[in-house]
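Numbering (the UniProt record's numbering), first residue to last: 1 to 284.
Every residue, glycine too, gets a C-beta built ideally from N, C-alpha and C.
The structure appears below as structure tokens.
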Amino acid sequence: MTNHIIDIHPHIISGDLETYPPSPLFGIRSDWSQERPCTAETLIEAMDEAGVSKAAVVHSSTTYGFDNSYVVDGCNKFADRLIAVGSVDVLTSDACDQITAWNKKGLAGLRLFTGGSTKAFDPSELDDPRSFAAWELLEELGLPMCIQTGPIGLPQVSMLAKKFPRANIILDHLGRPDVLDGPPYNNAQSLFDIADIPNIYLKLTPRIFGDVKKGKASAETFFPKVVSVFGSDRMAWGSNFPTSPGSLTEILATAQAGLASLTDKDRNWIFSQTALKLYPGLSA
Numbered sequence: 001m002t003n004h005i006i007d008i009h010p011h012i013i014s015g016d017l018e019t020y021p022p023s024p025l026f027g028i029r030s031d032w033s034q035e036r037p038c039t040a041e042t043l044i045e046a047m048d049e050a051g052v053s054k055a056a057v058v059h060s061s062t063t064y065g066f067d068n069s070y071v072v073d074g075c076n077k078f079a080d081r082l083i084a085v086g087s088v089d090v091l092t093s094d095a096c097d098q099i100t101a102w103n104k105k106g107l108a109g110l111r112l113f114t115g116g117s118t119k120a121f122d123p124s125e126l127d128d129p130r131s132f133a134a135w136e137l138l139e140e141l142g143l144p145m146c147i148q149t150g151p152i153g154l155p156q157v158s159m160l161a162k163k164f165p166r167a168n169i170i171l172d173h174l175g176r177p178d179v180l181d182g183p184p185y186n187n188a189q190s191l192f193d194i195a196d197i198p199n200i201y202l203k204l205t206p207r208i209f210g211d212v213k214k215g216k217a218s219a220e221t222f223f224p225k226v227v228s229v230f231g232s233d234r235m236a237w238g239s240n241f242p243t244s245p246g247s248l249t250e251i252l253a254t255a256q257a258g259l260a261s262l263t264d265k266d267r268n269w270i271f272s273q274t275a276l277k278l279y280p281g282l283s284a
């Protein structure tokens, strides 16, 4: 197991409401961001306790909408440990200007939030032609795009990955597959069907580690199959801390236990090397 564990999906929330006022996407602030806020300083403390060396911190859309100020400022404060992943409205006419401006301030990746804790999934923006200029810019700048969607959005994700082959796409929460039917996981076939698209990556978070304990699923049967189909070099761990309950130490331990059936080499990719491939800034 690698000694350099990297987390590509924690969140940070400022306690300074004047400097960083909440303005949640869809107008509803997430419960977790109010009940379990975590500043950049708190995240660093949690990482030190858990043994996590670096992190790609994902902007909280359900707290700040498209204002990436805190995720950028917080990560820049700990630039030796953290890089920022933010959100921009890719359907607006000035999307490219926004991406360029945030990138100059330190943003190392982007995220599209098509639904989740405060809104049902709507993948319609993913294949909206108004977004294509932004995707072309992502290819030019070498910025990966995380996409928060469920199986309903996988056709659009597939289209984008093929249309913009130089843009790496990371599926948040593994694309939320239905795994409860157990081996051979036919209900998750729509996920396996896009494995031949090389610029699609998978983010393993507490959601999937919980799902493989339900129904007929198991960690010992599901994760080896995903590795055999996608390859561990296209899979990376993300804690979803503090959105998911529990300490970062506990969340990491659950992930390590869930992936215990994999080889050391595969776990090394998932807990470290894939993150470095997606976010080269973490190598510094």
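- The C-beta distance from threonine 92 to threonine 149 rounds to 20 Å, too long to fall under 8 Å, and the pair is not in contact.
- For the options Ser53, Trp269, Glu41, the alpha carbon positioned closest to that of lysine 203 is the one of Trp269.
- DSSP assignment within the region 139-195 yields the following whole beta strand (DSSP E) runs of 3 residues or more, N-terminal first: 145-148, 169-171.
- Per DSSP, the continuous alpha helix (DSSP H) segment holding serine 33 begins and ends at 31-35.
- In terms of Cα proximity to tyrosine 20, the closest of Met47, Phe241, Asn168, Val71 is Val71.
- By DSSP's assignment, phenylalanine 113 forms a beta bridge with Gln148.
- Annotation for aspartate 73: the continuous alpha helix (DSSP H) segment containing it runs 69-77.
- In the DSSP assignment, valine 58 forms a beta bridge with Val85.
- Here DSSP, grouped into helix, strand and coil, assigns aspartate 7 to strand.
- Under the DSSP assignment, leucine 252 falls in the alpha helix (DSSP H) whose first and last residues are 248-258.
- Contact between glutamine 98 and valine 85 is absent: CB atoms are separated by about 15 Å, not below the 8 Å threshold.
- For aspartate 80, the CB contacts under 8 Å within the same chain, skipping 5 residues up- and downstream, are Ala284 in chain order.
- The alpha-carbon of valine 179 is positioned some 18 Å away from that of leucine 262.
- Relative to the Cα of leucine 252, the nearest Cα in the group Leu138, Glu49, Val212 belongs to Glu49.
- With a cut-off of 8 Å on Cβ pairs, the region 186-199 is not in contact with the region 128-139, counting fewer than three such pairs.
- Note: isoleucine 200 is bridge-paired with Ile169 in the DSSP secondary-structure output.
- Serine 228 and proline 184 have their C-alpha atoms spaced approximately 12 Å apart.
- The region 7-23 makes no contact with the region 211-229: fewer than 3 CB pairs, one atom from each, lie closer than 8 Å.
- Around alanine 275, the same chain offers Ile6, Ile8, Ala56, Ala236, Leu282 as residues with beta carbons nearer than 7 Å, after the five sequence neighbours per side are excluded.
- The C-alpha of alanine 108 is placed about 12 Å away from the C-alpha of lysine 277.
- In the DSSP assignment, methionine 235 forms a beta bridge with Leu202.
- Per DSSP, reduced to three states, the secondary structure at leucine 17 is coil, with no helix or strand assignment.
- In this structure, alanine 40 keeps its C-beta atom at 8 Å or more from the C-beta atom of phenylalanine 241.
- The C-alpha of leucine 138 lies about 21 Å from the C-alpha of leucine 174.
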